[in-house]
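Here the structure is laid out as structure tokens; the discussion comes afterwards.
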Amino acid sequence: MRILPILASLTLLSASLNASAQQTRLLTADKHNEYGLVYSLPVTAIEVRVTATRTTLIAGPYAKYAKKYLASDKPIIQSGESWEIESLTVRPYGAVEPDAQYLMQLKPGATTYMAVAQDGMLLSINAAPPATDDIMVAERPAAPVNRLTGKEYLKYVNEDFIASQSTAKQAEMLAESIMEVRDAYLSLTRGTADNMPTDGRQLELMLNSLREQEEAMTAAFLGSSYTETLTRTYTYIPESDEDDFSDTLLRFSDFKGFCAPGDYAGAPVTVRVNVTARGQLPVDDKGMEKQLPKDAVRYCIPGEAQITIAYEGETLFNKEMEFAQFGVVFGLAPNLFSDRKASSYAIFNPVTGGLSSLGIVQQ
Numbered sequence: 003m004r005i006l007p008i009l010a011s012l013t014l015l016s017a018s019l020n021a022s023a024q025q026t027r028l029l030t031a032d033k034h035n036e037y038g039l040v041y042s043l044p045v046t047a048i049e050v051r052v053t054a055t056r057t058t059l060i061a062g063p064y065a066k067y068a069k070k071y072l073a074s075d076k077p078i079i080q081s082g083e084s085w086e087i088e089s090l091t092v093r094p095y096g097a098v099e100p101d102a103q104y105l106m107q108l109k110p111g112a113t114t115y116m117a118v119a120q121d122g123m124l125l126s127i128n129a130a131p132p133a134t135d136d137i138m139v140a141e142r143p144a145a146p147v148n149r150l151t152g153k154e155y156l157k158y159v160n161e162d163f164i165a166s167q168s169t170a171k172q173a174e175m176l177a178e179s180i181m182e183v184r185d186a187y188l189s190l191t192r193g194t195a196d197n198m199p200t201d202g203r204q205l206e207l208m209l210n211s212l213r214e215q216e217e218a219m220t221a222a223f224l225g226s227s228y229t230e231t232l233t234r235t236y237t238y239i240p241e242s243d244e245d246d247f248s249d250t251l252l253r254f255s256d257f258k259g260f261c262a263p264g265d266y267a268g269a270p271v272t273v274r275v276n277v278t279a280r281g282q283l284p285v286d287d288k289g290m291e292k293q294l295p296k297d298a299v300r301y302c303i304p305g306e307a308q309i310t311i312a313y314e315g316e317t318l319f320n321k322e323m324e325f326a327q328f329g330v331v332f333g334l335a336p337n338l339f340s341d342r343k344a345s346s347y348a349i350f351n352p353v354t355g356g357l358s359s360l361g362i363v364q365q
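Sequential numbering of the sequence shown, starting at 3, is according to our numbering.
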């Protein structure tokens, strides 16, 4: 099992997508590489994006006077924050397996070519690589959040307010200021103010200013809150000889939000892997396993596993997927791709290393 936190945030894409946004390279056999093409097979990883909302509460300094002056019995009386998982998405992709590097040996003059990803993962032979929507798009910028500190009202108080040592008196003066702002706003909207603005733009600026003043002073009684959305991305590579196992991807707290797997302040978000089918070697007409051709071009026959991600008894994701690491490696005879009369092509699945398509190159 490998769990790797990624700072960049990215969303659920379909299960057939490639892993990393990288350029494709075309390799041809030549004297400089001794007519050998080196390639790698993948291990299947899953990228898990967890999106959560954080709600921050800020108590007003005059909360106990909210009912008396604003007729509200539901002010925020204690500052704090709360977290909630909003969504979880999964994207499988192929990551190069360091121990799965192979050589395709060719003879001089062979016109065979191979397409590999930038990291060397095999994509196709004698054919264009599979089209993949593999460009990772950065998370859209978060919408601006109005983060009130609870002290904005101080911009709109006078010297008498500041000089007062009585909290009750301050609350009374602040309530009077709110009423004055509301009266001024009403007069402007009705066109009865003593000094009406000369144009619509000026009127809009004045109304906006009054709204900001009222909001800031009202928050001193009722408190304020704001909600923002945050996303964290994790990479998980299932690795076990068992057919049923689980791991802790991260921990999540209602009060702290995202926590590391070893931080017991949060409840675990677990990944359970149930291997439903192991990849099998192909068999001949007699039911015997076929032998690997000499100098074969390797590919993977993937297995399948049910992936279940849960948090506090709730299933957040549940789907069966193909995995290279639960399969077996087989191969194709290399002369299939160098026959001058009827050369073959092959296209491979970049997520599992499986053989997607095999055919004859049209002359």
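Backbone N, C-alpha and C define an ideal beta-carbon position, used for all residues, glycine too.
Inter-residue spacing [alpha-carbon to alpha-carbon] between residue i and residue j
i    : j    : result
E174 : D185 : 17 Å
N160 : K171 : 13 Å
L357 : E230 : 44 Å
F247 : R274 : 6 Å
G225 : K153 : 10 Å
G281 : I60  : 56 Å
M181 : G62  : 18 Å
G264 : Y236 : 15 Å
A112 : S126 : 16 Å
T317 : E306 : 20 Å
A54  : S166 : 43 Å
F350 : F257 : 46 Å
I309 : S242 : 14 Å
G96  : L72  : 60 Å
Residues of its chain near residue i, where Cβ-Cβ distance is below 8 Å and the 5 sequence neighbours each way are ignored
i    : result
L190 : M198, P199, L205, M208, L209 and L212
Y155 : L176, A218, M219, A221 and A222
I362 : A344, S345, S346 and Y347
Residues bridged to residue i (per DSSP)
i    : result
A326 : Looking at the DSSP assignment, A326 forms no beta bridge with any residue, so it has no partner.
E49  : R93 and T237
E244 : In the DSSP output, where bridge partners are listed per residue, E244 has none listed.
N276 : D246 and Q308
R27  : V118
P131 : The partner list for P131 (beta bridge, DSSP) is empty, contrary to what the question assumes.
Local Cβ density within 10 Å of residue i, reported as buried at 16 or more and exposed below that
i    : result
A1   : Given a span of 3 to 365 for the chain in the structure shown, any question on residue 1 remains unanswerable.
E314 : exposed
R342 : exposed
M138 : Its pLDDT being 42, under 50, M138 is placed unreliably by the model, and the measurement read from it follows with that caveat. Label assigned to M138: buried.
I164 : exposed
N128 : buried
S42  : buried
L188 : exposed
Same chain, Cβ closer than 6 Å to residue i, five either side skipped, listed in chain order
i    : result
P270 : T250 and R253
L28  : Y115 and A117
D297 : Q107 and P336
I79  : A61 and A65
T30  : Y115
C398 : It is not possible to answer for residue 398, since the shown part of the chain is limited to 3 through 365.
Secondary structure of residue i, DSSP reduced to three states
i    : result
I180 : helix
I303 : strand
M175 : helix
M290 : coil
N197 : coil
A140 : Here A140 scores only 42 on pLDDT, less than 50, and its place in the model should not be relied on; the value that follows carries that caveat. Coil.
Q103 : strand
G361 : strand
I164 : helix
T317 : strand
R213 : helix
Cβ shell of residue i (< 7 Å), same chain only, five flanking positions each side left out
i    : result
S81  : L59, I60 and A61
L338 : S346
L360 : S346 and A348
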